[in-house]
Amino acid sequence: MFLTLAYTPGWVPRHGDTDGFSGNDVPDSPAPWESFVTAAVTHFRALGVRHFGVWNEPNLKGFWEGTQQQYVQTILLPGAAAVRNACPDCYVLGPDLANVGECDVYLESLLAAIPAGTFDIFTHHIYQGFPENGVEIWDGDRYFEVLDSQRFAFTRKDIRTILDGVGFTGEVWITETGYRATPGDAADEQKQATHVTLALDEQLKRGWVTNTFFYEMHDCGPDQPQCTIDGFGLMRATGGTPTDRVFPDDFRLKPAYHALKQYIADHPAFAGAPSPQCGDGIDNDGDGWIDVADRGCQDASDDDESDDPPRVRVVAHPAAGATVDGDHADLGGEGWVELGDDAWVGTSSLSGAGDLSVRAAARWDTQGLLLAFEVTDDVQDNTHADADLWMGDSVQMGFDVDRTYGSGYDVTGDHEINLGLVGGEARAYRFHGPTGASSAFEVGAVRDGTVTHYEVRLPPDALAGVTWEVGQVL
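Positions in the sequence shown are counted from 1; adding 1282 to them yields our numbering.
#1: Taking PRO1524 as part of the alpha helix (DSSP H), name the residues at either end of that continuous run.
#2: Please identify the residue among GLY1731, ALA1744, VAL1725, GLY1726 whose C-alpha is closest to the C-alpha of GLY1718.
#3: Using DSSP bridges, identify the partner residues of GLY1650.
#4: To the nearest angstrom, how far is the alpha carbon of LEU1287 from that of LYS1343?
#5: Exposed or buried, LYS1473, counting other C-beta atoms within 10 Å across all chains shown (16 or more means buried)?
#6: Using CA coordinates, which residue listed in PHE1434, TYR1691, PRO1558 is at the minimum distance from ASP1586?
#7: Name the one or two DSSP bridge partners that SER1631 has.
#8: When you compare only the Cα positions, how much space is there between GLY1335 and TYR1736?
#9: Would you mind listing the beta strand (DSSP E) stretches within the stretch 1499-1579 that are 3+ residues and don't spill past its ends, in chain order?
#10: Count the other C-beta atoms from every protein chain shown that fall within 10 angstroms of the C-beta of MET1517, then say buried if there are 16 or more, exposed otherwise.
#11: What residue from LYS1487, ILE1357, TYR1545 has the CA that sits closest to TYR1425's CA?
#12: Alpha carbon to alpha carbon, what distance is there between VAL1704 and PRO1524?
#13: Taking the alpha-carbon positions, what's the ASP1663 to PRO1741 distance?
#14: Take VAL1619 as the anchor and find which of THR1749, ASP1607, SER1639, ASP1612 has the nearest alpha-carbon.
#15: Any contact between the stretch 1342-1358 and the stretch 1305-1314? By contact I mean 3 or more CB pairs, one from each, below 8 Å.
#16: Please classify GLY1335: does DSSP put it in a helix, a strand, or coil?
#17: Reducing DSSP to helix, strand and coil, say where LEU1745 ends up.
#18: Which residues in the same chain as GLY1608 place their Cβ atom closer than 6 Å to its Cβ, once the five residues preceding and following it in sequence are excluded?
#19: Between which two residues does the beta strand (DSSP E) carrying ALA1368 extend?
#20: Tell me which residues share the same chain as CYS1502 and place their Cβ nearer than 6 Å to its Cβ, disregarding the 5 neighbours each side in the sequence.
#21: Measuring alpha carbon to alpha carbon, tell me which residue in ASP1378, LEU1392, ARG1366 is nearest GLN1352.
#22: Could you name the residues of the same chain whose beta carbon sits closer than 7 Å to that of HIS1599, not counting the 5 residues immediately before and after it, in chain order?
#23: Is the stretch 1652-1663 in contact with the stretch 1671-1689, if contact means three or more CB pairs nearer than 8 Å?
#24: Please classify TRP1750: is it buried, with 16 or more other beta-carbons within 10 angstroms of its beta-carbon, or exposed?
#25: Rounded to the nearest angstrom, what separates SER1588 and GLN1580 at their Cα positions?
#26: Going by Cα to Cα distance, which pick from ASN1415, GLY1522, HIS1697 is closest to THR1476?
#27: Going by alpha carbons, who is nearest to VAL1594 out of PHE1434, ALA1602, ALA1642?
#28: Reducing DSSP to helix, strand and coil, say where TRP1618 ends up.
#29: Whose C-beta lies closer than 6 Å to the C-beta of PHE1284 among residues of the same chain, with five residues either side of it excluded?
#30: Among all the DSSP beta bridges, which residues are the ones paired with GLN1678?
#31: Should ARG1327 be labelled buried (16 or more other beta-carbon atoms within 10 Å of its own) or exposed?
#32: For the candidate residues ASP1647, GLY1578, GLY1706, whose alpha-carbon lies nearest to that of PRO1592?
#33: Just to confirm my understanding: we take ASN1341, look at its own chain, exclude 5 residues before and 5 after, and list those with CB closer than 7 Å. What are they?
#34: Just list the residues that DSSP pairs PRO1377 with in beta bridges.
#35: GLY1397 lies in the alpha helix (DSSP H); which residues open and close that run?
#36: DSSP beta-bridge partners for ILE1456?
Take a look at the structure:
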């Protein structure tokens, strides 16, 4: 998967606006862009993505109103550095130029202005066509001429010549190509299918062209009646809405779709290895969770979605009369579970062994369920209001009382409750619960050196549906 990172949001201080659209403006500082790139790369690398493009078609005013120098200094070099700092095993791709006008002059100037190695993989957009679809030499560059066969000495240089001039020997990806077929025109849609297969022929002829991306997955027209580029899609929606369509039932698969599918089947070079289970978009083990959301997936390269680690079971021992005060002495030593470094699932790494650990225990009596947490952390920082306790050091608890599972809250048996210690005062807040669920919690919390002790008692009416008797599983 390849992700292009862009554009300038309206809230960023910027300049150069001539069209009322912020996305192509020049940020006053590269800092917000660097922060965005860092956050995006960190997030998507955890999902298995390693290839990131830095902006789209900066040689077109519609996508970049600044100069080439501003693109280099504000976007390209800071963005490339941010990708590599956030993810040493990721790849920086670009510049994704549109093959129009004097793009060859722009490209030569760009490559002369940046350090060698700025791009790990070179990317380019080619919408030029083929003789088989009626494009003759006097009509302009054809697809293959853009790649490595300059049409005439006085026309645009091909990209291979330009890359050879700077010693670039890496991969080249054609990250946009396609043919706009008039919707419903059978002859034109067949030309689109021809374009797809011929573009892949050109890739296979050249070992240095290693990927071809077709614009686009489906036509824009059905959802955007004013779309001026309707017809590029490999399929066209025939029913439903963008949020509820089912593939393939709600689409007409165009000849280009079938041609692409058949071409891949006929050419083993495109088959590749099957995607690992944790990166294939399928619920392989049938538990309702897909890919990295499944507990059986360590990351997107994991090929076994079914090997969920055993869930930690906390045995709630009877403890009549236990007080809720942050002092665990009256809870005894039975049934405590420990979560160390190996239980960490955060997006940032811990600073080292012992950076963060948790001990937890449960007790119950007729007054309700008492939960105790002992959190070891060198810093305890929370100054937030109750509804924002989660933004600081805190304990969040989720319950699925009726075991309906799923990734979102339901209104029958899902609860989320947060504990915090703010200014020496114990706090508790319910983020979610069924209508009528009590929030009359008893809560206690104290800080002792590097350890914070939390206790909360949830009365029976706080967890409606739970039967308060021996043997119940919550």
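C-beta: ideal position from N, C-alpha, C; glycine also.
Since this is a predicted model, take the numbers as computed values, not measurements.
So, from the listed chains and residues:
#1: The sequence position of residue 1524 within the sequence shown is 242, counting from 1. Neither: PRO1524 is in no alpha helix (DSSP H) and is coded neither H nor E.
#2: Here the question's residue 1718 lines up with position 436 in the sequence shown. Nearest option by C-alpha distance: ALA1744.
#3: As a working note, residue 1650 is residue 368 in the sequence shown. Under the DSSP definition of a beta bridge, GLY1650 partners with ASP1647.
#4: One-based indexing of the sequence shown puts residue 1287 at position 5. One-based indexing of the sequence shown puts residue 1343 at position 61. Spanning the two alpha carbons is a distance of roughly 17 Å.
#5: Numbered from its first residue, the sequence shown carries residue 1473 at position 191. Per the 10 Å Cβ criterion, buried.
#6: The residue you call residue 1586 lines up with position 304 of the sequence shown. Selected option, being the one with the closest Cα: PRO1558.
#7: Position 349 of the sequence shown holds residue 1631. Beta-bridge pairing links SER1631 to no other residue.
#8: For this step, residue 1335 is matched to residue 53 along the sequence shown. For this step, residue 1736 is matched to residue 454 along the sequence shown. The straight-line gap separating the alpha-carbon atoms of GLY1335 and TYR1736 is approximately 46 Å.
#9: As far as the stretch 1499-1579 is concerned, its whole beta strand (DSSP E) runs of at least 3 residues are 1517-1519, 1533-1535.
#10: Indexing the sequence shown from 1 puts residue 1517 at position 235. Result: buried.
#11: As a first step, residue 1425 is located in the sequence shown; it is residue number 143 there, counting from the start. That would be LYS1487, whose Cα lies nearest to the Cα of TYR1425.
#12: Residue mapping note: residue 1524 aligns to position 242 of the sequence shown, counting from 1. Residue mapping note: residue 1704 aligns to position 422 of the sequence shown, counting from 1. The straight-line gap from Cα to Cα measures roughly 44 Å.
#13: Translated into the one-based positions of the sequence shown, residue 1663 becomes position 381. Translated into the one-based positions of the sequence shown, residue 1741 becomes position 459. Answer to the nearest angstrom: the Cα atoms are 28 Å apart.
#14: On the sequence shown, residue 1619 is found 337 positions in, with the first residue counted as 1. For the residues THR1749, ASP1607, SER1639, ASP1612, the minimum Cα distance to VAL1619 belongs to SER1639.
#15: yes
#16: To locate residue 1335, count along the sequence shown from 1; it is residue 53. Correct three-state label for GLY1335: strand.
#17: Residue 1745 sits at position 463 when you count from the first residue of the sequence shown. It is coil, neither helix nor strand.
#18: Here residue 1608 refers to the residue found at position 326 when the sequence shown is read from its first residue. Excluding the 5 residues flanking it on each side, GLY1608 has same chain C-beta neighbours closer than 6 Å at GLY1726, ALA1727, VAL1728, HIS1735, GLU1737, in chain order.
#19: Here residue 1368 refers to the residue found at position 86 when the sequence shown is read from its first residue. Segment 1359-1368 is the alpha helix (DSSP H) holding ALA1368; no beta strand (DSSP E) there.
#20: Locating residue 1502 in the sequence shown gives position 220, where the first residue counts as 1. Closer than 6 Å at the Cβ level, and outside the excluded window around CYS1502, lie CYS1509, ASP1512.
#21: The residue you call residue 1352 lines up with position 70 of the sequence shown. Residue LEU1392 holds the alpha-carbon nearest to the alpha-carbon of GLN1352 among ASP1378, LEU1392, ARG1366.
#22: The residue given as residue 1599 occupies position 317 in the sequence shown. Taken in chain order, the residues that qualify are GLU1616, GLY1617, ARG1645.
#23: yes
#24: Here residue 1750 refers to the residue found at position 468 of the sequence shown. By the 10 Å Cβ count, TRP1750 comes out exposed.
#25: In the sequence shown, counting from the first residue as 1, residue 1588 sits at position 306. In the sequence shown, counting from the first residue as 1, residue 1580 sits at position 298. Roughly 11 Å separates the two Cα atoms.
#26: To locate residue 1476, count along the sequence shown from 1; it is residue 194. Looking at the Cα atoms, ASN1415 is the closest of the given residues.
#27: Looking up residue 1594 in the sequence shown gives position 312. VAL1594 has its Cα closest to that of ALA1642, out of PHE1434, ALA1602, ALA1642.
#28: As a position in the sequence shown, residue 1618 is number 336, starting the count at 1. TRP1618: coil per DSSP, three-state reduction.
#29: One-based indexing of the sequence shown puts residue 1284 at position 2. If we look at PHE1284 and ignore the five residues flanking it on each side, its Cβ neighbours are HIS1333.
#30: In the sequence shown, the residue the question calls residue 1678 occupies position 396. Answer is ASN1700, bridged to GLN1678.
#31: For this step, residue 1327 is matched to residue 45 along the sequence shown. Looking at its Cβ environment, which holds 16 or more other Cβ atoms inside 10 Å, ARG1327 is buried.
#32: Taking the sequence shown and counting its residues from 1, one reaches residue 1592 at position 310. Minimum Cα distance to PRO1592 is reached at GLY1578.
#33: Here residue 1341 is taken as the residue at index 59 of the sequence shown, counted from 1. Here the set comprises LEU1379, ALA1380, CYS1385, TYR1388.
#34: In the sequence shown, residue 1377 corresponds to position 95, counting from 1. Looking at the DSSP assignment, PRO1377 forms a beta bridge with THR1405.
#35: Here the question's residue 1397 lines up with position 115 in the sequence shown. Checking the sequence shown, residue 1397 turns out to be Pro, not Gly. Careful: PRO1397 lies outside any alpha helix (DSSP H) and carries neither H nor E.
#36: In the sequence shown, residue 1456 corresponds to position 174, counting from 1. According to DSSP, ILE1456 bridges with HIS1406, THR1494.
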